[in-house]
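Worksheet: one structure, shown below.
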Amino acid sequence: MQNTISQPKAGESYLLWFIKIVTGLLIIVILFIHFLVNHYLAPEGLLSHAEVVAYYRNYPIVPIMEGFFLVFVVSHSLIGTRSILLDLNLKKNIMRVVDALLVTVGLVATGYGIWLLFAVINWGA
Amino acid sequence: MENPTKKPNTRGILDWFDPRGRRVGGWGFILNRLTAIGLTVYLYLHLIMLGKLAQGPEAYDSFIAFAKQPLIMFGEMLVIIGGLYHGLNGVRIALNSFGVGVPAQKQLLYGVLGLTLVGSLIFGLRMFATH
Amino acid sequence: MSEEKWTVNFVVYRKKGEGAPHYQTFTLEVSPEEYVIDGVERIWAFHDRSLVFAHACHHSTCGACGMRVNGVEKLTCITRIRDVTSNGGTLRIEPLRNFPVISDLVVDMSRLYVGMDKVHAPAVHPLSMAPLEGEGIKPPREVPMDDGKEYLRLADCIECGLCISACPVAGTAEEYLGPAVLAAAQLQGLGRAPDLTAVVDCVDGVWRCHSAYECTAVCPSSVDPGWRIMDLRRQVLAQRIRRWFGGA
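Residue numbers (numbering that gives the first Met the number 0), protein chains in the order written: chain A, 0 to 124; chain B, 0 to 130; chain C, 0 to 247.
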């Protein structure tokens with residue numbers, strides 16, 4: 000019988016796991032502030048378009064924080080998704096396609112989010 | 000070996016989620032995985048929805064008005080419950096993984112569930128009071 | 000032993016060769032103080048000689064009689080019938096999960112043994128390493144000691160495979176080393192056996208564990224693999240982070 004456990008397989012190590020944990024903790028911290036700013040301070044519970052634009056312009060720290068939040072949450076979700084897919088013991092070449100897809104989703108989502116932040120800040124300018 | 004392709008005796012993905020025969024830690028894992036999948040789907044839907052911000056006040060404000068209906072608010076409530084559980088359980092797993100509190104993992108999970116319940120009630124009541 | 004008699008329906012998983020699995024019911028008169036393996040042996044002795052199951056010691060040392068009893072992994076030689084069913088009740092007896100079924104209740108546990116070899120805890124030691132009489136004990140590696148300088152016994156693990164069967168992801172992650180193997184690595188310690196770091200810090204190692212602790216719940220030998228996997232993670236992280244700062 001072929002010994003399938005003969006060699007340690009690369010593909011997931013302490014580093015990805017560590018990033019997942021660190022981004023997870025940062026998400027908790029920023030989410031707490033995110034809720035306070037975006038909902039608690041808004042009298043109607045949700046912000047109107049004008050309020051969002053005003054917030055972002057008046058408090059530059061808000062869009063910066065939201066940008067970091069986006070990066071952390073996208074990284075955490077994609078590393079987590081990958082971890083679930085690794086549980087399926089997919090073939091090496093399928094996993095390569097999955098990795099490429101996840102990286103693409105990550106880059107597109109981050110690029111889109113940052114574009115959106117600037118679109119809000121520059122609205123009507 | 001006669002049959003090298005012999006597959007393990009498993010129901011595959013069903014064994015991730017079937018709570019029968021599982022104990023406290025197993026239920027914790029099932030909830031963690033379900034909330035992980037749910038929150039991931041929500042995250043990308045949320046990002047797409049926020050695209051309305053770039054379309055201007057009419058598009059965004061009418062979407063917010065549309066979102067104030069019971070079904071969507073129920074969905075939001077699920078996101079809050081799922082997010083609270085996933086976040087708090089994440090802290091539990093992180094602590095365990097650094098060698099902290101493993102013998103108390105069950106009690107920690109009860110704590111996670113308790114805090115999720117309290118947090119969800121606070122959010123729910125606030126949501127109910129505001130709308 | 001009490002004279003109390005129970006009628007219990009043993010619903011037994013049957014599978015031969017490439018045939019489809021099915022369940023066969025045997026109704027037995029048993030004492031509730033008997034163990035599940037006693038019922039299974041009686042089925043073989045008096046009802047169906049073709050029933051295939053594994054057992055040897057009858058006192059939780061050999062680890063051969065692991066089965067799923069009503070959906071939960073049990074070492075059947077120490078599982079009293081009274082504790083898992085009632086008079087007139089049912090006992091659903093199935094083979095362990097996450098290993099290929101050879102026949103009926105017997106599974107191919109190569110996965111566990113190959114993993115044990117990989118972490119230098121082989122099930123069978125070469126004769127040259129055997130503790131022959133008068134020569135003192137020559138374990139394959141330095142035997143680790145706890146803080147009280149007591150020797151820790153890897154022998155606590157009886158390699159019954161219950162932990163791999165109970166693990167929710169070991170079925171899909173077919174090449175995951177699994178709880179018993181990672182526990183064996185943890186016991187040796189990455190400080191003493193640094194070559195094990197690469198074996199456990201990989202896609203089939205400690206990161207496949209998602210902390211369901213089902214392994215610890217079913218372990219009949221108090222090995223506590225769940226805790227050991229978490230401790231192994233801590234060891235991996237400590238070693239890797241030390242390396243960031245130029246440590247060995």
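Where is the CB? At the ideal position from N, CA and C, for every residue including glycine.
Between the CA atoms of Y111(A) and G170(C) - distance to the nearest angstrom
Each residue's Cα considered, the two are about 38 Å apart.
First and last residue of the alpha helix (DSSP H) that includes T80(A)?
Boundaries of the alpha helix (DSSP H) around T80(A): 60-85.
For F68(A) and H33(A), believed in contact at Cβ under 8 Å, the rounded distance:
6 Å
Just the chain C side, please: which residues come within less than 7 Å of G10(A) by C-beta, in chain order?
Taking a Cβ-Cβ cut-off of 7 Å, the neighbours of G10(A) in chain C comprise V202, given in sequence order.
Rounded separation between Q23(C) and R13(C) - CA only:
7 Å
Name the chain A residues that come within less than 9 Å of A172(C), Cβ to Cβ?
L85, D86, L87, N88
Starting from the C-beta of G16(C), find all residues in its chain whose C-beta is less than 7 Å away, skip the five residues before and the five after it, and write them out in chain order.
none
Using beta carbons (cut-off 7 Å, strictly below), is S47(A) in contact with chain B?
yes
Measure the CB-CB distance between G105(A) and V73(A) and report whether it falls below 7 Å.
yes
Collapsed DSSP secondary structure at I157(C) in the structure displayed:
In this structure, DSSP gives I157(C) a state outside helix and strand, which the three-state scheme calls coil.
For the beta strand (DSSP E) that I92(C) lies in, which residues bound it at each end?
89-93
Mind checking which residues open and close the alpha helix (DSSP H) that includes S102(C)?
From DSSP, S102(C) is part of no alpha helix (DSSP H) but of the beta strand (DSSP E) over 100-102.
Check this for me: beta carbons of V118(C) and L195(C), under 7 Å apart or not?
The Cβ atoms of V118(C) and L195(C) sit closer than 7 Å to each other.
Tell me the DSSP secondary structure of F97(B) in three-state form.
coil
List the residues that DSSP assigns as beta-bridge partners of F9(C).
F25(C), L90(C)
Interface residues of chain A around V168(C) at Cβ under 8 Å?
D86
Three-way DSSP call (helix, strand, coil) for E75(B) in this model:
helix
Is there a Cβ from chain C that is less than 7 Å from the Cβ of Y54(A)?
Interface with chain C (7 Å Cβ-Cβ cutoff): Y54(A) is excluded.
Leaving out five residues before and five after S5(A) in sequence, what residues of the same chain have Cβ atoms less than 7 Å from its Cβ?
Residue placement at S5(A) is poorly supported in this model, since its pLDDT is 48, which falls under 50; the coordinates still yield a value, given next. Within the same chain, S5(A) has no close Cβ partners at all.
Relative to chain A, which residues along the region 202-232 of chain C have a C-beta separation below 9 Å, given in chain order?
V202, D203, G204, V205, W206, R207, H209, R232
Using the Cα positions of V51(C) and V39(C), report the straight-line distance between them to the nearest angstrom.
10 Å
With a threshold of 6 Å (Cβ to nearest heavy atom), would R241(C) be considered close to the ligand MN?
Because no ligand of any kind appears in the structure shown, any question about the ligand MN cannot be addressed here.
Taking K90(A) as part of the beta strand (DSSP E), name the residues at either end of that continuous run.
Per DSSP, K90(A) belongs to no beta strand (DSSP E) and is neither H nor E.
Presumed contact (8 Å Cβ cut-off) between G23(A) and A93(B), rounded CB distance
7 Å
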